[in-house]
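Visitor:
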Amino acid sequence: MTTTTIILVTLGILLVGNIIALVYSWLVLYTDVFKKYRLQEKKYKPGIFFQRLPLILFNLAILSLITAVSLYFFADKIFETSIPVWWLIPVQVIFIFVIDDAWFYFAHRLMHENKFLLRKIHSIHHQAITPFPLEYIYVHPLEWMIGSVGSFLGLIALMMIMPVNIYAFWIYGIIRNLHEVE
94 MTTTTIILVT LGILLVGNII ALVYSWLVLY TDVFKKYRLQ EKKYKPGIFF QRLPLILFNL
154 AILSLITAVS LYFFADKIFE TSIPVWWLIP VQVIFIFVID DAWFYFAHRL MHENKFLLRK
214 IHSIHHQAIT PFPLEYIYVH PLEWMIGSVG SFLGLIALMM IMPVNIYAFW IYGIIRNLHE
274 VE
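Residue 94 is where the sequence shown starts when you use my numbering, and the numbers rise one by one after that.
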């Protein structure tokens, strides 16, 4: 499997996940399809989607660029591309998730406890009083970069134990993206 294939599939997963988030957000905001499933009864502010879209698209563009450049330089050094034994993929996915989730917890807690980080960076996230699905990435660019470190740490820790399988990485990416949207 070539580096180009790895980059294109990874960016495709990112793109498809966010297209799902875009459609889901539109359904939540502009139709009554999911109205009975809403946790909050607050109405959405008219135009909020288009007001927040520039920062969302900016963050997605930066995320895509960093992902593509990182994979260009490191994909062949990080990933095993053969089909593994059946149990290896779930083990690797769970391993990365545990480290990523622990990192997210402590990073998020730090952003609440450190008044500077709360005021200058994390406060953007808290503007979403009645959030819609695509707002998972309506944050200060430094916040999602800090949040993404958990995935990186999970990959590094796994690499210390065994080669990371590209299929585990892709499945992790799909699940993480859909989890963020939901």
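In this text, a Cβ means the ideal position worked out from N, Cα and C, and glycines have one as well.
How far does the alpha helix (DSSP H) with Q185 in it reach, from first residue to last?
Guide: Position 92 of the sequence shown, counting from 1, holds the residue named residue 185. It spans 181-206 - the alpha helix (DSSP H) in which Q185 sits, taken as one unbroken run.
Visitor: Below 8 Å on the Cβ atoms is my guess for F142 versus F225; work out the distance and round it to an integer in Å.
Guide: For the purposes of this step, residue 142 is taken as residue 49 along the sequence shown, with counting starting at 1. For the purposes of this step, residue 225 is taken as residue 132 along the sequence shown, with counting starting at 1. With 8 Å as the limit, F142 and F225 qualify as a contact, their Cβ atoms being about 7 Å apart.
Visitor: Does E236 come out as helix, strand or coil in the three-state DSSP assignment?
Guide: Translated into positions along the sequence shown, residue 236 becomes position 143. Correct three-state label for E236: helix.
Visitor: Shortest alpha-carbon distance to I249 belongs to which of W237, F262, H205?
Guide: Here residue 249 refers to the residue found at position 156 of the sequence shown. When each option's Cα is compared against that of I249, the closest is F262.
Visitor: Going by the DSSP bridge assignment, what does V257 pair with across the sheet?
Guide: Counting from 1 along the sequence shown, the entry for residue 257 is found at position 164. Paired residues: F172.
Visitor: Suppose contacts are defined by Cβ-Cβ distances below 7 Å. Is V186 in contact with Y265 by that definition?
Guide: Position 93 of the sequence shown, counted from the start, is the residue given in the question as residue 186. Position 172 of the sequence shown, counted from the start, is the residue given in the question as residue 265. Contact: yes.
Visitor: Please report the distance separating the alpha-carbon of H218 from that of K170.
Guide: Residue 218 sits at position 125 when you count from the first residue of the sequence shown. Residue 170 sits at position 77 when you count from the first residue of the sequence shown. Between H218 and K170, the C-alpha separation is close to 35 Å.
Visitor: Tell me which same chain residues have a C-beta within less than 6 Å of the C-beta of P177, skipping the five on either side of it?
Guide: Counting from one through the sequence shown, the residue named residue 177 turns up at place 84. Contacts found: N258.
Visitor: Which of the three DSSP states, helix, strand or coil, is assigned to V126?
Guide: As a working mapping, residue 126 is identified with position 33 in the sequence shown. Looking at V126 - three-state DSSP - the assignment turns out to be coil, as it is neither helix nor strand.
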